[in-house]
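Here the working numbering runs 1002 ahead of the position in the sequence shown, where the first position is 1. Glycine included, every Cβ here is placed at the ideal spot set by N, Cα and C.
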Amino acid sequence: MFTFELDNRSDLEEPSRNHGLWKCTICEHGNYARYLSCEQCGVLRDFSLYFSSALEVDGRAKRRDKHSAVSVLARSLFSPSSTKSKDTIFSNGFKASRNATRHTQATLDALHKTYMAHKERRINIVPFKFDTPSPDDMVATGLKSSRNVRKDVHIAEKKVMDNDNFITEKDTTTDPNSPVKLNEFGESSKGVSVDSQNKTLSLDHELQHLSLERKPQKSKAKIKKPVSLSLYKPEPWMLQREDEDIPRQLNLAIVGHVDSGKSTLCGRLLHALGRISKKQMHKYEKEAKEKGKGSFAYAWAMDESADERERGITMTVGVAYFDTKNYHVVLLDSPGHKDFVPNMISGATQSDAAVLVIDASVGSFEAGMGVNGIGQTKEHSQLIRSFGVDNLIVAVNKMDSVEYSKERFNFIKSQLGTFLRSCGYKDSAIAWVPMSAMENENLMAAASDTRLSSWYDGNCLLKAIDTLPPPYHDVSKPLRLPICDVISSHTLGQVAIGGKVEAGAIRSGCKVLVMPSGELAVVKTIERNSSSCNLARAGDNVAIGLQGIDPSHVMSGGVICHPDYPVSVASCLELKILVLDITVPILVGLEFELHIHHAKVSASMVKILSLLEQKTGKASKKIPRFLTSRQTAVIEVKLEKEVCVEEFSNLKALGRVSLRSQGNTVAVGIVSRVREQA
């Protein structure tokens, strides 16, 4: 590039002085004849000054068609040097060489001091740096520049000072075995532009891979190595003091076959306890009658979505609260339809106890037991038992449809009782309650209908709930909070989650580790029962607002845990399973869905490690090739992606699994060993 600056210094020497004016061919400015360059734009008056004679000017005209796009000044700068060169003495003692083509070459400053009028103007020319290729070079090179690049060329810059001007010259040193070759433009040939080609290739590669999209880093977050759990000691604030008057919380799952009256039972119970106002109940009744579903009015208290009300079935787990004498009950209304069993699993894993609702109508009970295959009564019973629910209330609903028949009740108790005992329930842990939710019979108070009170004198449903043994929650272990839902709330903030604290305790302002992403976050707010609180302990269902973390790192099925005691993350597990009533044997290689707490992941059975005898529980010597109904075995499974998991011996809530294939639960079990940990 050329920069023009005014200079008032007097001319030291001028090659010629002619009186008169001449017009610039560029800007048409009139200049005195003594000036060899335009006073306005600095363009030289006659290019022949760069040549020693008129013959060279003629030679230039002959070569113009060959290098018509190259200026005379550029050719003079970049013309190849010749070994046979003669020196030319310019003004002020500057030397220039004349090569074989008879072009005169000298430093730019020497030319300017010789030919330019320094009194009026001085031109400072900053030399172009050829160590970096221009964009045109990169475009021209493109993908064709695939030659091997040499790295033995080093460019050193030398600064030469002349009075007030600085000129930078390039000295190129190369390997003596690879001589430098220049073409007539002064450009490097294959052996010269090695460093330039190297940089051109790298820049060209970068241009080809330019992208405006920000690519997420696949590198895993740095997670602290877990400290031994034996070293963990709970802080004083985690333990409940004796003077704290906090009601015990009971998470109660309502399960059973579709259309057994689960949502109606919940709605009727909430209305009787004053959790639903008369105005709201009147609204539900009016809307239900308008849609021709008057009997669904109480169910609409739990089924709030338009799809659920349109189809008349529960699709997601509804949550409600009420208080008894001994408990603050969290009601988990689970879907009974076969298509929504995965949703039932996700919600019912939080339960401490369960109410199994049975439809006493002729044919309905038999459908739930699965005369033509497994029904949801059986499946739900097996699932909640696998979740660790030991205490069960069997609510035999719709007794009004069978005239409160004692024989019908005893038949149901006999058939279902045998199955429940096979699932591992004890008779002492099962309460049987005949009732009618629609008629509010034996729901809140003792039976008033003589057809029922004549033969039943046990507890009503509400009293049966209140007499359940209190659940045990361990606060002495590090924090474990499986994420059930990622929610959006104005009060909780942009990143909020809901779930049950399975172990430990959590409070506002503390740091937590979100797994499996391994990102740290700070607890901003905590809500329990839709009310703000400062802390939550094991057993509490809470909603938590987090800050300092990207929403993409928080997902359902993850676990919030103590920063120093992270939960295990694994993709290969050893399971101890019980095969349910299946029609097709389980073979090695079977692909299925594995449910563990709130996580659902595709998996496959890699190996059958051993078959356990039902009576002794010891491993048999013979390893079978497949598994059939009611068999207990130890298997190895490979997961499609990593999940948060704990061995059952360390934390039961994060060590229970269920296996589902083709819409049916084929096996339930526990995690006996984490084989591959991330």
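Asked	Found
Can you say whether residue 1370 is buried or exposed, counting buried as having 16 or more other CB atoms within 10 angstroms of its CB?	buried
Straight-line CA distance for residue 1653 to residue 1579?	17 Å
Among 1586, 1639, 1614, which residue has its Cα nearest to the Cα of residue 1603?	1639
Can you round the beta-carbon distance between residue 1656 and residue 1484 to whole angstroms, since I take them to be within the 8 Å contact cut?	7 Å
Just how far apart, CA to CA, sit residue 1553 and residue 1497?	6 Å
Would you mind reading off the limits of the alpha helix (DSSP H) that contains residue 1367?	1366-1371
Report yes if the C-beta distance between residue 1613 and residue 1625 is below 8 Å; otherwise report no.	yes
Measure the Cβ-Cβ separation of residue 1575 and residue 1676 and say whether it is below 8 Å.	yes
Rounding to the nearest angstrom, what Cα-Cα distance links residue 1548 and residue 1540 in this structure?	19 Å
Between the segment 1557-1575 and the segment 1660-1678, do three or more beta carbon pairs fall short of 8 Å?	yes
In this structure, does DSSP put residue 1352 in helix, strand or coil?	coil
As a quick exercise: from 1664, 1631, 1601, pick the residue whose alpha carbon is nearest that of residue 1351.	1601
Would DSSP call residue 1671 helix, strand or coil?	strand
Cα-Cα, which of 1298, 1598, 1238, 1606 is closest to residue 1439?	1298
Go ahead and label residue 1364 buried or exposed: buried means 16 or more other beta carbons lie within 10 angstroms of its beta carbon, across all protein chains shown.	exposed
If you run the structure through DSSP and keep just helix, strand and coil, what is residue 1446?	coil
Report the three-state DSSP secondary structure of residue 1607 (helix, strand or coil).	strand
What residue range does the beta strand (DSSP E) around residue 1425 cover?	It is not in any beta strand (DSSP E) - residue 1425 instead sits in the alpha helix (DSSP H) that spans 1408-1425.
Would you mind sorting residue 1671 into buried or exposed? The rule is 16 or more other CB atoms within 10 Å of its CB.	buried
Tell me whether residue 1336 sits in a helix, a strand or coil according to DSSP, three-state version.	coil
Pick helix, strand or coil for residue 1541, following the three-state DSSP scheme.	coil
Where does the unbroken alpha helix (DSSP H) through residue 1483 begin, and where does it stop?	From DSSP, residue 1483 is part of no alpha helix (DSSP H) but of the beta strand (DSSP E) over 1482-1484.
Could you tell me which residues DSSP pairs with residue 1601 in its beta bridges?	1598
Locate the alpha helix (DSSP H) running through residue 1455, then write down its first and last residues.	1452-1455
Residues in the same chain with beta-carbon distance under 6 Å from residue 1408, minus the five sequence neighbours each way, listed in chain order, please.	1457
Relative to the C-alpha of residue 1378, which candidate in 1276, 1474, 1337, 1542 has its C-alpha closest?	1337
DSSP three-state label for residue 1248, please.	coil
DSSP on residue 1149, reduced to helix/strand/coil?	With a pLDDT of 42 at residue 1149, under the threshold of 50, the modelled position of that residue is not reliable, and the figure given next carries that caveat. Reduced to three states, the DSSP call for residue 1149 is coil.
So, does the segment 1466-1482 touch the segment 1417-1427, judging by three or more C-beta pairs under 8 Å?	no
Where does residue 1650 land, buried or exposed, given buried means 16+ other C-beta within 10 angstroms?	buried
Taking the straight line between their C-alpha atoms, what separation do you get for residue 1256 and residue 1277?	17 Å
Which class does residue 1291 belong to by DSSP, given the choice of helix, strand or coil?	helix
Have a look at residue 1634 and residue 1455 and give me their C-alpha separation to the nearest angstrom.	44 Å
Measuring alpha carbon to alpha carbon, tell me which of 1240, 1446, 1296 ends up nearest residue 1275.	1446
Would you report the Cα separation of residue 1667 and residue 1489, rounded to the nearest angstrom?	28 Å
Determine the closest residue to residue 1263 out of 1289, 1301, 1504, with distance taken between C-alpha atoms.	1301
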